[in-house]
Structure formats: structure tokens, C-alpha cells
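Taking full-length UniProt numbering, I'd label the letters of the sequence shown as residues 1 to 252.
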Amino acid sequence: MMFFLRVRLSYGIEDLAFRFGVSKGQVSKHFHNVLDIVYVKTKPLIKWPDRDVLRLTMPTSFRKFFKKCAVIIDCSEVFVERPSDLMARAQVWSNYKHHSTIKFLIGITPQGTISYISKCAGGRISDKEIVEQSSLVNYLLPGDVILADRGFTCQDHVGMYMAEIKMPPFTKGKKQLEKYDVDWSRELSLVRVNVERVIGVLKQKYTILQNILPVQYCEASTCGDTNVTVIDKIVHACCALVNLCPSIVSQD
């Protein structure tokens, strides 16, 4: 119960210690122990789907312009305390949020299921860099299409895997877009917004992701054979639990 009060309602360690009549150390130890278990047990809930399954269950809204879509990507940020180390402080500073943050890349299927989460990085990293440093391309097959916003200018990197990234078109010096580009851009916006809606649901359901997390959560802790940070575990657990909820995307 302590774990879900922490991640769902963002109760603080001191608050939980008072409510349950235990020490802060006991609350913290219990939270991390349960987090480790949830992190391991929920790994199967975030899965990259087979292409055949993806195409067979493609929502109607994707079939005209984006029938080869494999994933829709976006980045999200979580506030963290300001580190005392100057180098670390520079790495986590987000010019977009004007705060110290940790950023992660999230990908959803056209059906609205979270299918990919990158490891968290400092808020200073750009959208392009986080894609290039992530393992996302390892899941792509030739002909796959990624839908993204304008900041993800990593066509060359994705192209090496015979895949394609599609973003809203630029005017490229022209006064206005061609009619086809306007229509296509409108259709892209209608389907790409789904990833923003999923991120909104994620943070609404698990309000710990709206709060300022302790800087110690950025440190790696050993879980099995993989070194992951506490924030990585929290993000993964929350995303996996969101996948248990009904999809926000209409399947018609």
C-alpha cells in the first residue's frame, strides 16, 4: 500500500512514516524493495509488437496515410532536485522547463499501448540525441515508419535501419505549404497527439511523475544484471501499469 500511495498519490516519505507509525528509513526501504519487484514483474507488459499483429489491428484512422506506422514517439520530463555537483547540474538543466529535469523517450503503438521506454537522461539532452543514444532503432524493421514532432530530426540515423521518420512538414522558404502537405500535416497531428494523451494519462494516474523527485533517484542501483536508476524503475513501473488500463485510442 505504501508503494501505491507513493506513486499514485505522491505521498512523501515523511507523510507515509507518520501515517503508518514507522520510521522514514523503513518507509524508504519498503518503497525501494517493492519498486524492484514491480520493475521486474512488469517487464512483459511493455513489449514491442510483431509487425503482423500491428498491421492486423491497425486503427482505421491510420490506414490511409500511416498504415506502415510502427511507433509514435515523444519525450517527457520529470522534475528533480538540483544536484550539488556543477557538472551534474548542467546535465540535468532543461531550457524548455527552466528546471532540473530527467528526460525519457516514450513510444506508443498506433493502438495506444506503450511499447518502448528509453533509459532516462539529463534534461539537457535534445530529442534527436535521446533517439540516437537509445535502443529504439534495434526494434525497427525495413519499411517501418516512426511518427514524431519536428524536434526529432534524426532521419539519417533511422534511415540506416531502412526505416523512416515522419514529422510535420517545414515550409522550407516557401510562404505556405501545398494543399497536400496541409492535409497530410493535419492527419499527422490527429494521430500523433495520441502519444501526448498517453503521457497525460501516465502523469495523471501516477502523480509522483508530476513532483520534484530526490536527486538520489538519479543514481544507479543494481537490479539483476542491469544497472538502472530509481527514476528508470519508477517510469517503467508506471508505464507498465498504464498498459493495464483501457486504451485511449479508438479501435474503430
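Glycine included, every Cβ here is placed at the ideal spot set by N, Cα and C.
The structure presented is a predicted model; accordingly, all values stated were derived computationally and were not measured.
Straight across, the Cα-Cα distance linking Leu188 with Lys67 is about 12 Å. Taking the Cα of Cys75 as reference, the smallest distance to any Cα among Thr113, Leu105, Pro44 and Ile165 is reached at Leu105.
The segment 42-58 makes no contact with the segment 89-97: fewer than 3 CB pairs, one atom from each, lie closer than 8 Å. The segment 116-152 contains, as complete beta strand (DSSP E) runs of 3+ residues, the segments 145-147 (chain order). Here Val22 carries a coil assignment [DSSP, helix/strand/coil]. Taking C-beta atoms as the reference points, Leu35 and Lys233 count as a pair closer than 7 Å. With at least 16 other beta carbons inside 10 angstroms of its own, His236 counts as buried. Boundaries of the alpha helix (DSSP H) around Cys238: Val230 to Val242.
Ser115 is positioned such that its CB atom lies no closer than 7 Å to that of Ser134. Per the coordinates, the alpha-carbon of Val131 lies some 37 Å from the alpha-carbon of Glu14. For Asp15, the secondary structure class from DSSP, reduced to helix, strand or coil, is helix. Check the Cα spacing between Gln210 and each of Ile102, Val228, Gln216 and Leu244: the tightest is with Ile102.
The Cβ atoms of Cys69 and Val137 do not sit closer than 7 Å to each other.
With respect to Gln111, Val198 sits apart: the two C-beta atoms are not nearer than 7 Å.
According to DSSP, Gly200 shares a beta bridge with no other residue.
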